[in-house]
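J.: Numbering (the working numbering), first residue to last: 1 to 291. By construction, the Cβ of each residue, glycine as well, lies at the ideal position given by its N, Cα and C atoms. Computed from a prediction, not measured in an experiment: that's the story for all the values here.
Spelled out as structure tokens, the structure:
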């Protein structure tokens with residue numbers, strides 16, 4: 001799956017219009033993966049992780065006028081067949097649209113022989129990990145499209161053709177990743193508004209006598225943060241403690257527990273379970289579900 005993903009990223013980097021179309025599908029939150037799966041299939045057609053499939057005959061076969069005896073290994077070179085124009089018009093071009101059902105599209109792959117595209121093999125001896133690989137690639141590709149524009153700055157990669165195809169050079173030598181912001185320009189969490197901070201003690205002085213948050217607890221404390229700083233507030237760490245981010249926006253609160261990037265608890269080895277520092281509350285003081 002790692003080699004397959006590298007090839008997909010390379011082809012998307014070389015075809016920025018296809019990459020943007022894929023990104024548009026991902027950030028639309030429509031749940032559709034039609035174009036993503038087309039991009040994956042097209043990459044595996046051009047640069048499959050394995051260039052061929054092998055089978056051992058269990059009886060005699062007549063193949064192209066030749067008799068193949070039992071116990072012979074037959075290698076099926078699907079990578080080469082996938083570059084033949086009689087199977088795939090414009091075979092050397094990366095065109096994911098050929099995998100999307102459209103009878104009016106002259107490139108629609110349904111016209112190709114069904115055995116031409118076999119990156120995972122076929123039949124009862126098909127790769128047992130196919131579904132896992134596809135799920136891994138879709139998940140990784142989704143995250144990459146959400147967060148990065150992928151570019152290729154170097155020459156065409158040196159691909160070593162063995163039983164498993166792979167790039168010889170490290171990806172970092174030629175592939176360029178730059179952050180992308182599909183919805184808006186995101187700021188660093190360090191720019192979240194909050195009480196002023198000083199080195200070492202952070203915002204502790206605000207909680208001491210004379211400070212703006214002295215003796216403020218519960219609702220009053222939350223209300224002051226929201227009133228003074230808005231729907232998201234950052235409290236810096238005190239004496240190397242964990243920073244806290246307070247959120248007072250119901251739409252954000254509803255999405256946060258489902259976010260895959262959040263770890264709700266962190267338990268140091270031999271220590272007690274500690275919260276991560278992300279604190280989510282609502283202005284009326286109600287608790288949001290069960291964490």
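Assign residue 80 to one of two classes, buried (16 or more other C-beta atoms within 10 Å of its C-beta) or exposed (fewer than that).
T.: Stepping through the chain shown from its first residue, residue 80 is reached at position 80. With fewer than 16 other Cβ atoms within 10 Å, it is exposed.
J.: Hey, out of 1, 119, 92, 148, whose CA is closest to residue 48's CA?
T.: Walking along the chain shown from the start, residue 48 turns up at place 48. Checked all of 1, 119, 92, 148; the closest Cα to residue 48 is 119.
J.: So residue 72 packs on residue 57, CB below 8 Å; how close in whole Å?
T.: Mapped onto the chain shown, residue 72 falls at position 72. Mapped onto the chain shown, residue 57 falls at position 57. Correct: roughly 5 Å between the Cβ atoms.
J.: Whose CA, out of 4, 92, 21, lies closest to the CA of residue 50?
T.: As a working note, residue 50 is residue 50 in the chain shown. Closest by alpha carbon: 4.
J.: Just the C-alpha distance for residue 67 and residue 116, rounded to the nearest angstrom, thanks.
T.: Locating residue 67 in the chain shown gives position 67, counting from the first residue. Locating residue 116 in the chain shown gives position 116, counting from the first residue. C-alpha separation (whole angstroms): 22 Å.
J.: Just the C-alpha distance for residue 191 and residue 157, rounded to the nearest angstrom, thanks.
T.: In the chain shown, residue 191 corresponds to position 191, counting from 1. In the chain shown, residue 157 corresponds to position 157, counting from 1. In a straight line, the C-alpha of residue 191 is about 40 Å away from that of residue 157.
J.: State the Cα-Cα distance for the pair residue 275 and residue 235, rounded to the nearest angstrom.
T.: If you number the chain shown from 1, residue 275 lands on position 275. If you number the chain shown from 1, residue 235 lands on position 235. A caution first: residue 275 carries a pLDDT of 40, below 50, which makes its placement in the model too unreliable to give a value.
J.: The alpha helix (DSSP H) with residue 34 in it runs from where to where?
T.: One-based indexing of the chain shown puts residue 34 at position 34. Per DSSP, residue 34 belongs to the alpha helix (DSSP H) from 34-46.
J.: Give the DSSP-derived three-state secondary structure of residue 77 in the structure shown.
T.: Looking up residue 77 in the chain shown gives position 77. The answer is coil: DSSP assigns residue 77 none of H, G, I, E or B.
J.: Could you tell me which whole alpha helix (DSSP H) segments of length 4 or greater appear in the segment 121-161?
T.: As far as the segment 121-161 is concerned, its whole alpha helix (DSSP H) runs of at least 4 residues are 130-147.
J.: Quick check on DSSP: helix, strand or coil for residue 100?
T.: Start at 1 with the first residue of the chain shown, and residue 100 comes out as number 100. If DSSP states are grouped into helix, strand and coil, residue 100 belongs with coil.
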